[in-house]
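Asks: Chains as they are written, first to last, in my numbering: chain P, 3 to 285; chain F, 3 to 285. Every residue gets a Cβ at the ideal spot worked out from N, C-alpha and C, and that includes glycine. Small disclaimer: the values here were computed from a predicted structure and weren't measured. Supplied in structure tokens, the structure appears directly below.
2 protein chains.
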Amino acid sequence: METRELRYFVAVAEELHFGRAAERLGIAQPPLSRAIQQLERRLGAALLDRTSRTVTLTEAGSVLLAEGRAALDAVEAAERRTRRAALASAGRPGLVLVTKASASRELLAELLDAYAAEPGAVPVDVILCGPAEQERFLREGRADVALLHRPFDSTAGFHTEELGTEGQVVVLPAGHPLTVRTHVHMADITGLPGLPLPRWPCADGTYQPGPGPQVRDHAQLLQLVALGRACAVSPESCRAQLHSDLAAVPVLDAPKVTTVIAWPPHSRSRAVADLVRTATRLR
Amino acid sequence: METRELRYFVAVAEELHFGRAAERLGIAQPPLSRAIQQLERRLGAALLDRTSRTVTLTEAGSVLLAEGRAALDAVEAAERRTRRAALASAGRPGLVLVTKASASRELLAELLDAYAAEPGAVPVDVILCGPAEQERFLREGRADVALLHRPFDSTAGFHTEELGTEGQVVVLPAGHPLTVRTHVHMADITGLPGLPLPRWPCADGTYQPGPGPQVRDHAQLLQLVALGRACAVSPESCRAQLHSDLAAVPVLDAPKVTTVIAWPPHSRSRAVADLVRTATRLR
DNA sequence: GGCAGCGATACCATCCGGGTATCGATCCGG
DNA sequence: CCGGATCGATACCCGGATGGTATCGCTGCC
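Have a look at this one:
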């Protein structure tokens, strides 16, 4: 199977419309139809049910959509990492670390300082991204290492080392009655009148239907809390970033959050290995 | 990047010889040279240093070799899983489970029985393979789930659930002086006169240089132990498979072995999910 | 210094991927 | 119930990419 065929199929499977898919791919519709037919012949499997009016995925088709996306990611990552390796050996070596914009600020600073002090350290570029985007950066070869937070981020497909575990706190507007408590439980804060828990985007950028405001990042969330429109359950370490108009109370039975450093398997880079070693030593 | 180009590059990178690589690929040498040049131009990176006498990998080249193999595996897996999905929906659904030939026999029997009793269970084919081959089967889409044994097998790139942990024993010829002991330590058994620990093949099928006999699987190993040519450190559960000419003694400070059930991310199969759920319940 | 081995280049044939025009089926509005 | 609109499939043609053969140029070695 050629990546071109996979790209074509993924486009059609996502659009469920040959015309739009062809447009997206920048080719005409007939060659696209032919390419898909040929792919189906070679696989010996129907991928799409076409009724000349609608296109739907077959069982095999949805498998190929999921697997094909992963395979295309892997090819793209191979390409990007090769380019980066070439740049690196041409004199501009450097690591790219990606982490959520909101989390582990202290840990990250500590890590970067400690690594920079190592012999043979290379410059580290830091990318700050929205929640759940780190995985994509790492998978697509845009970054060399990531700081992830279990259980929020999935670590499937990566090598990881645990860096630390922390409890969670509920962030409330200053002056809220609950802020006098030394601790609360989840039951105390679900369904607080006027302070719903927010909804985060799924991996595809859409939101589950339901109550609660939609938020894109942590800053936005804290804004909402300060405005008295939501409350938030966050890792303890976010306390360092809270203004005086916000208060935090430990939630005893919230799941513990584990910060891990993650990197792609097949990484043969000494710099990544050094950074990981530094990170585990800090722990 | 097309998979054809990747396959070509991987062949050359593995052979480090254009002529042999071309032969392996079933094409002539000139088109291969051209394809690699074109790939290098498009990536903007030298992948190979050619001195008209020898071919060596550049830094970027070895990155692309590692990443490219992974990407090709992913493409191949996508293809195979799609074919399997098509077969499954055409009336022959079934799971393929792969595990080491030597390990977890009881656990496996228990799991298969329990799963077969579930409503909606599908037939499970079991593949028994040599050590460290399970990962390949899973990655290449030849199997849907695997039983792996940490720390021997790497679980990188898969979703996993732990099924159980056990200690290790040293397997000795019956009558060996140490067999009267109730337990031993690693120090007691390294360098036993005439009973070296064996060497296992690496992922690429070659053996590290060093002392100790080369073994390919567990049966072969036990044979060697029975012949008084080696001793072996194995998970406790192997005791059930020992003949009377072999004896086992617990090794207190050997690393604990964890059996895990692993499956590829992107698996959308209900059967896999059911099997995993059954497995975790047994635990 | 001549020869053997190896990768690169030159040049040619072929096939495949892409484009345009058009068909056939289905849905929908009148 | 008919006609137009929409959409995927088919027919046919073209150009470029891919593969083959012949040969060159370099390098190491007897």
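#1: Do the CB positions of L99(F) and D75(F) come within less than 9 Å of each other?
#2: Quick check on DSSP: helix, strand or coil for C233(P)?
#3: For L81(P), list the residues DSSP reports as bridge partners.
#4: Whole-angstrom Cβ separation of L1(F) and V274(F), contact assumed at under 8 Å?
#5: Can you confirm whether F154(F), when its beta carbon is compared against all beta carbons of chain P, has any partner nearer than 9 Å?
#6: Does the beta carbon of F160(P) come closer than 9 Å to any beta carbon on chain F?
#7: What residue range is occupied by the uninterrupted alpha helix (DSSP H) comprising A24(P)?
#8: Beta carbon of L248(P), beta carbon of V173(P): below 9 Å?
#9: Indicate whether at least one CB of chain P lies closer than 9 Å to the CB of T282(F).
#10: How about P267(P): is its C-beta nearer than 9 Å to some C-beta of chain F?
#11: Just curious, the beta strand (DSSP E) that D219(P) is in, first and last residue?
#12: Whole-angstrom Cβ separation of E163(P) and V278(P), contact assumed at under 8 Å?
#13: Say whether chain P places a C-beta atom closer than 9 Å to the C-beta of G177(F).
#14: To the nearest angstrom, how far is the alpha carbon of D255(P) from that of T261(P)?
#15: Would the segment 261-272 of chain F count as touching the segment 133-149 of chain F if we require 3 or more Cβ pairs under 8 Å?
#16: What residues of chain P sit near G70(F), judged by a beta carbon separation below 7 Å?
#17: Any chance you could list the alpha helix (DSSP H) runs of at least 4 consecutive residues sitting entirely within the segment 39-93 of chain P, in chain order?
#18: Is there at least one Cβ from chain P nearer than 9 Å to T260(F)'s Cβ?
#19: So, for R82(P): in the same chain, excluding its five sequence neighbours on each side, which residues have a beta-carbon less than 7 Å away from its beta-carbon?
#20: Work out the CA separation of E7(F) and T5(P) for me, nearest whole Å.
#21: Count the other CB atoms, across all protein chains shown, that sit within 10 Å of the CB of K258(F); report buried if there are 16 or more and exposed otherwise.
#22: Which residues of chain P have a Cβ atom closer than 9 Å to the Cβ of T58(F), listed in chain order?
#23: Rounded to the nearest angstrom, what separates L284(P) and P237(P) at their Cα positions?
#24: So the beta strand (DSSP E) D127(P) belongs to, where does it begin and stop?
#25: In this structure, how does DSSP classify A249(F) when only helix, strand and coil are distinguished?
#26: Considering only residues of the same chain and omitting the five flanking positions on each side of H187(P), which have a CB-CB separation below 8 Å?
#27: Please compile the residues from chain F whose C-beta is within a distance smaller than 7 Å of the C-beta of R65(P).
#28: Can you pull the chain F residues whose beta carbon is under 8 Å from the beta carbon of T5(P), in chain order?
#29: How big is the Cα-Cα spacing for V12(F) and G214(P)?
#30: I want to see whether chain P comes within less than 9 Å of G311(F), judged by CB atoms only; does it?
#31: H268(F): which of A30(P), G159(P), K102(P) sits nearest, CA to CA?
#32: Return the first residue and the last residue of the beta strand (DSSP E) that A145(F) is part of.
#33: Give a yes or no on whether the minimum CB-CB distance between A2(F) and chain P is below 9 Å.
#34: Identify the contact partners of L34(F) in chain P, using a Cβ-Cβ distance below 9 Å as the criterion.
#35: Can you pull the chain F residues whose beta carbon is under 9 Å from the beta carbon of E61(P), in chain order?
#36: What is the DSSP secondary structure of R9(P), counted as helix, strand or coil?
Replies: On the basis of the supplied data:
#1: Counting from one through the second sequence, the residue named residue 99(F) turns up at place 97. Counting from one through the second sequence, the residue named residue 75(F) turns up at place 73. Not a contact, by the Cβ cut-off of 9 Å.
#2: Residue mapping note: residue 233(P) aligns to position 231 of the first sequence, counting from 1. Coil.
#3: On the first sequence, position 79 is the one that residue 81(P) refers to. In the sequence on display, residue 81(P) carries Glu and not Leu. Bridge partners of E81(P): none, in fact.
#4: Because chain F in this structure spans residues 3 to 285, residue 1(F) falls outside the shown range and cannot be described.
#5: Translated into the one-based positions of the second sequence, residue 154(F) becomes position 152. No - not a single Cβ of chain P is within 9 Å of the one on F154(F).
#6: Taking the first residue of the first sequence as position 1, residue 160(P) is located at position 158. Yes - at least one Cβ of chain F is within 9 Å of the one on F160(P).
#7: As a first step, residue 24(P) is located in the first sequence; it is residue number 22 there, counting from the start. That run of the alpha helix (DSSP H) goes 20-27.
#8: For this step, residue 248(P) is matched to residue 246 along the first sequence. For this step, residue 173(P) is matched to residue 171 along the first sequence. Yes.
#9: The residue you call residue 282(F) lines up with position 280 of the second sequence. Chain P, which has no Cβ nearer than 9 Å to the Cβ of T282(F), makes this no.
#10: What you label residue 267(P) is simply residue 265 of the first sequence in a count that begins at 1. Yes - at least one Cβ of chain F is within 9 Å of the one on P267(P).
#11: Sequence index remark: in the first sequence, residue 219(P) carries index 217 (1-based). Careful: D219(P) lies outside any beta strand (DSSP E) and carries neither H nor E.
#12: Residue mapping note: residue 163(P) aligns to position 161 of the first sequence, counting from 1. Residue mapping note: residue 278(P) aligns to position 276 of the first sequence, counting from 1. At roughly 6 Å, the Cβ-Cβ gap stays under 8 Å, so E163(P) and V278(P) are in contact.
#13: For the purposes of this step, residue 177(F) is taken as residue 175 along the second sequence, with counting starting at 1. No, G177(F) does not count as interfacial toward chain P.
#14: By one-based count along the first sequence, residue 255(P) stands at place 253. By one-based count along the first sequence, residue 261(P) stands at place 259. Answer to the nearest angstrom: the Cα atoms are 18 Å apart.
#15: yes
#16: To locate residue 70(F), count along the second sequence from 1; it is residue 68. Correct list: A80.
#17: 61-91
#18: The residue given as residue 260(F) occupies position 258 in the second sequence. Chain P, which has no Cβ nearer than 9 Å to the Cβ of T260(F), makes this no.
#19: Mapped onto the first sequence, residue 82(P) falls at position 80. The residues are E142, G143, R144.
#20: As a first step, residue 5(P) must be located in the first sequence, where it is residue number 3. As a first step, residue 7(F) must be located in the second sequence, where it is residue number 5. Cα to Cα, the separation comes out at about 10 Å.
#21: Taking the first residue of the second sequence as position 1, residue 258(F) is located at position 256. Exposed, because fewer than 16 other Cβ atoms sit within 10 Å of the Cβ of K258(F).
#22: In the second sequence, counting from the first residue as 1, residue 58(F) sits at position 56. Under the 9 Å cutoff, chain P gives no residues; its nearest Cβ is about 13 Å from T58(F).
#23: Taking the first residue of the first sequence as 1, we reach residue 284(P) at position 282. Taking the first residue of the first sequence as 1, we reach residue 237(P) at position 235. Cα to Cα, the separation comes out at about 19 Å.
#24: Your numbering for residue 127(P) matches position 125 in the first sequence. Its beta strand (DSSP E) spans residues 126-131.
#25: Translated into the one-based positions of the second sequence, residue 249(F) becomes position 247. Here A249(F) sits in strand by DSSP.
#26: On the first sequence, position 185 is the one that residue 187(P) refers to. Counting only Cβ-Cβ distances below 8 Å, and skipping sequence neighbours, we find V253, L254, D255.
#27: Here residue 65(P) refers to the residue found at position 63 when the first sequence is read from its first residue. Here residue 65(P) turns out to be Val, not Arg, going by the sequence shown. R83, T84, A87, R270, listed in chain order.
#28: If you number the first sequence from 1, residue 5(P) lands on position 3. Within chain F, the residues near T5(P) are M3, E4, T5, V77.
#29: One-based indexing of the second sequence puts residue 12(F) at position 10. One-based indexing of the first sequence puts residue 214(P) at position 212. About 51 Å.
#30: Chain F is shown from 3 up to 285; residue 311(F) falls before or after that span and cannot be answered.
#31: Numbered from 1 along the second sequence, position 266 holds the residue referred to as residue 268(F). Of the listed residues, the one whose Cα sits closest to H268(F) is G159(P).
#32: As a first step, residue 145(F) must be located in the second sequence, where it is residue number 143. No beta strand (DSSP E) holds A145(F); DSSP gives it neither H nor E.
#33: Shown here, chain F extends from 3 to 285; a query on residue 2(F) therefore has no answer.
#34: Within the second sequence, numbered from 1, the residue matching residue 34(F) stands at position 32. None at all; the shortest Cβ gap to chain P is about 17 Å.
#35: Counted from its first residue, the first sequence places residue 61(P) at position 59. The contacting residues are A87, A88, A90, S91.
#36: Taking the first sequence and counting its residues from 1, one reaches residue 9(P) at position 7. DSSP places R9(P) in helix when its eight states are reduced to three.
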